[in-house]
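Quick note on numbering: UniProt numbering labels position 290 of the sequence shown as 290, and the sequence is numbered without any gaps.
Quick reminder that beta carbons are idealized off the backbone N, C-alpha and C, glycines included.
Quick caveat, the model's predicted, so the values are computed rather than measured.
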Amino acid sequence: MVLKRFFFFGFFLFVIVFLLTVFYTVYTGWLSFSIMWVALFAGSFSYLRRAYKDQNTVLSFVIPFCVYSLYMYITNYLFVKDPYIDFFMMVDSKKFWSFSDYQLQSFSDVVDAQGKDYLMTIRYTLFNFGNLCLSFFAQIFDENNILVQKLQSVWLGAFSIPFVYLSLKKYFPTKQSLVYALFYAFFTHVFIYSVVFNRDPHVYLLYTIGAYIITNHNTVKNGLGKLVLLFVLICGFRLEHGLFFSAFILLYLWVQARSKPRLKVLVIALIPIVGLIAFPFFFGKYQENTDTYEGHLERVERTEASAAVLLNSLPPGIKETLMAVNSQVAPAVPFWRSWYPSLNQSTYSRHPVEGYYTPWRFIESIASVVWVYVWSIVLCGLLLKKYKVIPLELNLLFMVSVILLMMASTSVNARRTYCVYPIIFIYCLYIRQLLSPKLRRRVMQSATLVLIGIYCAYYIFKN
1 MVLKRFFFFG FFLFVIVFLL TVFYTVYTGW LSFSIMWVAL FAGSFSYLRR
51 AYKDQNTVLS FVIPFCVYSL YMYITNYLFV KDPYIDFFMM VDSKKFWSFS
101 DYQLQSFSDV VDAQGKDYLM TIRYTLFNFG NLCLSFFAQI FDENNILVQK
151 LQSVWLGAFS IPFVYLSLKK YFPTKQSLVY ALFYAFFTHV FIYSVVFNRD
201 PHVYLLYTIG AYIITNHNTV KNGLGKLVLL FVLICGFRLE HGLFFSAFIL
251 LYLWVQARSK PRLKVLVIAL IPIVGLIAFP FFFGKYQENT DTYEGHLERV
301 ERTEASAAVL LNSLPPGIKE TLMAVNSQVA PAVPFWRSWY PSLNQSTYSR
351 HPVEGYYTPW RFIESIASVV WVYVWSIVLC GLLLKKYKVI PLELNLLFMV
401 SVILLMMAST SVNARRTYCV YPIIFIYCLY IRQLLSPKLR RRVMQSATLV
451 LIGIYCAYYI FKN
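Next up, the structure:
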């Protein structure tokens with residue numbers, strides 16, 4: 001019965017969004033984006049149906065793809081008239097747009113444009129090349145347009161959900177896994193970052209596939225080769241995330257080595273080697289982010305940044321831990337604070353654009369609040385030592401995720417860390433099933449009280 005409802009809901013959504021896509025095509029005159037929408041939908045539908053032979057896997061893509069498309073259409077229509085000036089939420093989209101907006105008559109023009117901006121886009125060379133290819137595709141039919149560029153984010157976010165579902169299906173019943181996957185799709189940060197033009201969805205999808213390969217290491221063929229390929233691709237989108245992904249490869253080898261002592265010895269030998277290679281880069285990147293963060297604190301009014309200043313003044317180790325905690329909690333406190341700011345405040349005057357401060361970012365706010373409850377369940381499970389009965393691969397993936405949160409602790413923005421949120425979400429659900437219904441309610445009630453308490457402290461602190 002539940003599956004039938006999801007099927008009819010998915011079909012209804014598809015019809016509505018398809019008609020809206022046609023309408024938006026007529027309105028904008030951009031045939032290219034509707035062709036791309038149909039191609040992405042049909043290609044993904046066909047691949048998932050053929051590869052996994054599971055209706056739920058297909059549904060877990062169709063429903064998010066349609067909803068993300070709808071949300072992207074609305075926010076783009078409301079806020080983006082000129083991509084050089086306007087944007088919804090993601091200020092970097094102006095920069096990415098400028099690097100993609102060339103007259104491209106042939107593929108050699110794509111290569112020339114890539115070379116022209118290579119030094120400025122070297123940190124995300126694969127992302128920039130992909131944008132130029134999309135621009136070239138669009139110009140075959142009409143012209144480069146922001147909808148074509150944003151559709152890649154829509155697809156990347158939606159295409160990740162089947163892999164979240166397949167990871168969940170290893171630990172939970174099929175129907176339950178689909179419900180959990182759709183909850184994740186609509187109530188976590190993947191939703192909001194799937195409707196804006198940025199490079200984070202690319203890293204996120206590849207990390208999600210990597211987590212799927214590790215959780216299903218016994219059934220996925222040639223998992224090591226696929227992880228190495230993911231490593232190379234991620235480096236092309238964001239080098240620091242690519243280097244960190246080497247931890248996933250080592251983790252996969254360690255899980256596989258449980259029954260192979262020689263392989264375990266190899267992994268133990270590789271860990272310090274990889275650490276020695278990657279640590280200088282990560283340390284330098286962390287120092288760079290910290291310097292940027294401290295510079296930001298100096299620019300804003302001290303009354304507006306007192307909490308951040310306090311955290312930044314703590315001793316090493318404690319500082320990183322509490323800043324990581326702050327990065328997970330701060331976006332939810334209070335969740336509406338960036339909807340209607342006073343633009344004469346120095347903190348908010350940098351981006352006086354309608355699409356940056358708007359209630360249409362409510363999805364981000366909901367996700368931030370949900371994430372407080374997710375962490376409440378995780379912390380309860382850790383305190384009760386539930387990790388002792390959690391599968392090894394999940395425990396290791398969770399540990400790696402926490403390390404990434406620590407390394408990215410200088411930013412309260414989730415876009416650099418939400419690539420590991422599927423892991424934390426699955427870990428939370430596994431712990432939840434180990435808790436009694438009574439204890440679950442107590443955790444939810446306690447989390448609500450903590451959230452209210454933090455809100456009260458926020459207002460007292462600010463006033």
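Straight-line gap, residue i to residue j (C-alpha atoms, nearest Å)
i, j, result
"residue 299", "residue 158", "Residue placement at residue 299 is flagged as unreliable, the pLDDT there being 46, under the threshold of 50; the coordinate-derived value follows with that caveat. The alpha-carbon atoms of residue 299 and residue 158 are separated by roughly 38 Å."
"residue 250", "residue 407", "18 Å"
"residue 304", "residue 359", "Reliability of the predicted coordinates at residue 304 is poor, the pLDDT of 44 falling under 50, and the value obtained from them is presented with this limitation in mind. Approximately 22 Å between the Cα atoms of the pair."
"residue 46", "residue 248", "29 Å"
"residue 107", "residue 443", "56 Å"
"residue 244", "residue 236", "13 Å"
"residue 91", "residue 232", "27 Å"
"residue 466", "residue 392", "The chain is shown only over 1 to 463; residue 466 falls outside these bounds and no answer can be derived."
"residue 371", "residue 31", "39 Å"
"residue 145", "residue 27", "13 Å"
"residue 224", "residue 460", "52 Å"
"residue 285", "residue 238", "Only weak support is given to the placement of residue 285: the predicted model assigns it a pLDDT of 49, under 50, and the value that follows is read from those uncertain coordinates. Answer to the nearest angstrom: the Cα atoms are 12 Å apart."
"residue 73", "residue 79", "10 Å"
"residue 141", "residue 29", "10 Å"
"residue 440", "residue 124", "43 Å"
"residue 7", "residue 179", "13 Å"
"residue 380", "residue 426", "15 Å"
"residue 217", "residue 404", "22 Å"
"residue 116", "residue 89", "28 Å"
Limits of the unbroken alpha helix (DSSP H) element including residue i
i, result
"residue 242", "239-244"
"residue 201", "200-215"
"residue 432", "421-434"
"residue 162", "146-169"
"residue 139", "125-141"
"residue 47", "31-52"
"residue 192", "190-193"
"residue 96", "92-100"
"residue 184", "174-187"
"residue 121", "118-121"
Residue i, DSSP secondary structure in three states
i, result
"residue 364", "helix"
"residue 395", "helix"
"residue 221", "coil"
"residue 385", "coil"
"residue 72", "helix"
"residue 305", "Residue placement at residue 305 is poorly supported in this model, since its pLDDT is 46, which falls under 50; the coordinates are not used for a value here."
"residue 106", "coil"
"residue 325", "helix"
"residue 56", "helix"
"residue 27", "helix"
"residue 89", "coil"
"residue 112", "helix"
"residue 81", "coil"
"residue 357", "coil"
"residue 249", "helix"
"residue 408", "coil"
"residue 450", "helix"
"residue 417", "coil"
"residue 197", "coil"
"residue 377", "helix"
"residue 390", "coil"
Proximity of residue i and residue j at Cβ, strictly below 8 Å
i, j, result
"residue 131", "residue 149", "yes"
"residue 156", "residue 83", "no"
"residue 12", "residue 93", "no"
"residue 211", "residue 423", "yes"
"residue 430", "residue 394", "yes"
"residue 57", "residue 70", "no"
"residue 25", "residue 195", "no"
"residue 10", "residue 63", "yes"
"residue 126", "residue 113", "no"
"residue 389", "residue 434", "yes"
"residue 203", "residue 184", "no"
"residue 241", "residue 367", "no"
"residue 369", "residue 186", "no"
"residue 376", "residue 446", "yes"
Supposed contact pair residue j and residue i - C-beta distance, whole angstroms, cut 8 Å
i, j, result
"residue 230", "residue 209", "6 Å"
"residue 118", "residue 109", "Not confirmed; about 15 Å, so no contact."
"residue 147", "residue 41", "That pair is no contact at about 15 Å."
"residue 87", "residue 353", "7 Å"
"residue 60", "residue 161", "5 Å"
"residue 192", "residue 363", "5 Å"
Minimum Cβ-Cβ distance from residue i to chain B less than 8 Å
i, result
"residue 240", "Among the chains in the structure shown there is no chain B, since it carries only a single protein chain."
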